[in-house]
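Under this note's numbering, the residues of the sequence shown are numbered 248 to 434, in order. Glycine is no exception: its CB is placed at the ideal position from the N, C-alpha and C atoms. Quick caveat: nothing in here was measured; it's all calculated off a predicted structure.
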Amino acid sequence: SSPDKSKLVRTSREVNDFKPNYVMQSIRNIAGTDRKVVIACLGVAFKPDVEDLRGSPALHIVEGLAKEVNYHLLVVEPNLKKLPNSLSRFNNVQLVSLSEALKAAEVLALLVKHQSFCNINQNQLVGKSIIDTCGVWRDSTTLNFWFKNGYEDKYLDVVRSMQPGDKIAIKSSYTRKRELPFDNKGQ
């Protein structure tokens, strides 16, 4: 075997092993750890639209978050009827429907790109902090929900108070890049 290939394989493995920890830390940065937070974890399967959990990075993420006592985790997995054993031992984790999770959660973590998650009405995302690991909502032009970046944000309370239909200012480079209409009437 070639030394260059084995180095590439090792580096790939290190990157892939790091990703779930990075997502966990991103969720912790958004949710904080000093208060009770309801987090919806959308998907725990190994890949979209299957029920197989073996080797699932999403399951690993939820297991790690379940150890945080201030987190109440709402797991949405359309292909399961009950929580896996690794999660059922935690009192702060429950399996719920997508509609229940969207109503109750402050933070949404899209972990698996199940088809049912791709069809969410984006008005239901307003005021939520979002971690989209699959890119489902990243390029939305609706722009009536907030993507939290994990950094300290002094305007988060204002953003969370927004309602569907509220007018917002959009960074002009975003609109130009996506060829969106933008008229600020000289203001």
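Assigned exposure category for residue i - 16 Cβ within 10 Å defines buried
i      : result
Cys288 : buried
Val270 : buried
Leu255 : exposed
Val262 : exposed
CA-to-CA distance, residue j to residue i, given in whole angstroms
i      : j      : result
Asp281 : Ile377 : 19 Å
Pro325 : Ser344 : 8 Å
Leu372 : Ser346 : 11 Å
Lys294 : Lys350 : 25 Å
Arg257 : Asp264 : 10 Å
Ala292 : Glu298 : 6 Å
Asn391 : Asn368 : With a pLDDT of 33 at Asn391, under the threshold of 50, the modelled position of that residue is not reliable, and the figure given next carries that caveat. If you take the alpha carbons of Asn391 and Asn368, they lie about 11 Å apart.
Glu310 : Val316 : 12 Å
Arg199 : Leu342 : The question about residue 199 has no answer, for the chain in this structure spans 248 to 434.
Thr389 : Asn276 : For Thr389, the pLDDT reaches just 38, beneath the cut-off of 50, and the residue's location in the model is therefore unreliable, leaving the point undetermined.
Phe364 : Ser253 : 37 Å
Arg260 : Gln272 : 19 Å
Val323 : Asp296 : 12 Å
Nearest candidate by alpha-carbon position, reference residue i, set the options
i      : options                : result
Thr380 : Pro267, Glu315, Ser363 : Pro267
Ser333 : Ala352, Ala356, Ile308 : Ile308
Lys375 : Leu357, Ala352, Asn366 : Ala352
Lys314 : Leu327, Leu357, Asn338 : Asn338
Distance between beta carbons of residue j and residue i, contact taken as under 8 Å
i      : j      : result
Val284 : Val354 : 6 Å
Gly302 : His361 : Incorrect: roughly 17 Å between the Cβ atoms, too far for contact.
Ala305 : Val359 : 5 Å
Proximity below 9 Å, CB of residue i to CB of residue j
i      : j      : result
Leu330 : Ile286 : no
Leu312 : Ile274 : yes
Ala278 : Tyr318 : yes
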